[in-house]
Each structure stands twice: as structure tokens, then as C-alpha cells.
Amino acid sequence: MFPCLTQNTGRVLTFIQIYEHIRKEPDYGTGREIVNHHVYRVRCKLNLGNASDFYIRSVRGIGYSLEVR
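Going by our numbering, the first residue of the sequence shown is number 1, and it counts up by one from there.
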């Protein structure tokens, strides 16, 4: 998932776009929860290195965007 976000830095990706990148299949209704879980894990890893230049911004009802500080 992180490569998908880094290739689209600053651009908002929908839950469906991220899900289809992760799973390589259409979303059958569980995609949002799966994406939320993956984003949580990536955020935890980004926070381990406190000097990280990136953060994941939530766009309510749409998806996520990787931003540079």
C-alpha cells in the first residue's frame, strides 16, 4: 500500500483505489475496513521514525493522501 501512496504523493486516493492496489481484485464491501487497518499499520511504522518526512492525511468519506511535511 505504501508504494501506491508514494507514487501519488499529494493526491487523494479513494478507499477503492487503495483496496484494489492491495488486493488486486474488486471491492466486495469490506474494502474500507481493510484499507483502514493497513493505513493504521503504516502510520505506526511512520511514527517509529520520529524524523519521518511523510504523514497520511485522512480525507473524510473519500480516502487518504500521503503528504510531505
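We put the beta carbon where it would ideally sit given N, CA and C, even for glycine.
Only a predicted model underlies this, so the values are computations on that prediction, with no experimental measurement involved.
Are residue 43 and residue 31 closer than 9 Å when you measure CB to CB?
no
Helix, strand or coil for residue 28 per DSSP?
Note: residue 28 maps to coil in three-state DSSP.
Quick check: residue 69 and residue 55, are their CB atoms within less than 9 Å of each other?
yes
Between the beta-carbon of residue 59 and the beta-carbon of residue 65, is there less than 9 Å?
yes
Bridge partners of residue 55, per DSSP?
According to DSSP, which records beta bridges pairwise, residue 55 is partnered with 67.
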